[in-house]
Amino acid sequence: MKISLDQVVPVPVTHDPQLNKRVLIKDADTRSNLKMLNHARMEPGESFRAHSHASMEEVFYFLEGQGKFCLGDQHLTVSAGDCVLVSAGTAHSCCNTGTSPLVFLAFGVAL
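Under UniProt numbering, the first residue of the sequence shown carries the number 1, and numbering increases by one thereafter.
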């Protein structure tokens, strides 16, 4: 299976429909615990609200830009090359605090 980013149509993020993501892999595509692989781009000032997933861990890998990632009570500064692991049930949110797009990959893994 080969997927090209430029051929994937952006869709609204479920918990923040004003934001878009590109779903590269969805759970129906695999026979593993991988639920999704998304590519997202947030413009300066954009954010996604705090939310959690009861039965899924998420990994965020930042490709470009700068932002603030809230992980439970922690407030982390993130930029290209940073990786954040979100445990199931942990509230998390993110905001682009930079002057250029904040671009990241998000992986979801079912428990």
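Built from N, CA and C at the ideal position, the CB exists for glycine as well.
- Rounded to whole angstroms, Phe-62 and Asp-27 show a C-alpha spacing of 22 Å.
- Around the beta-carbon of Met-36, 16 or more other beta-carbon atoms lie within 10 Å, marking it buried.
- Going by C-alpha positions, Phe-107 is about 22 Å away from Pro-44.
- Here Ala-106 carries a strand assignment [DSSP, helix/strand/coil].
- A straight-line Cα-Cα distance of about 14 Å links Glu-57 and Leu-105.
- For the pair Val-109 and Asn-33, the Cα-to-Cα distance works out to about 5 Å.
- Its chain contains Ser-52, His-53, Ala-54, Ser-55, Met-56, Glu-57, Leu-111 as the residues whose beta carbon lies nearer than 8 Å to that of Ala-88, once the 5 sequence neighbours on both sides are disregarded; these appear in chain order.
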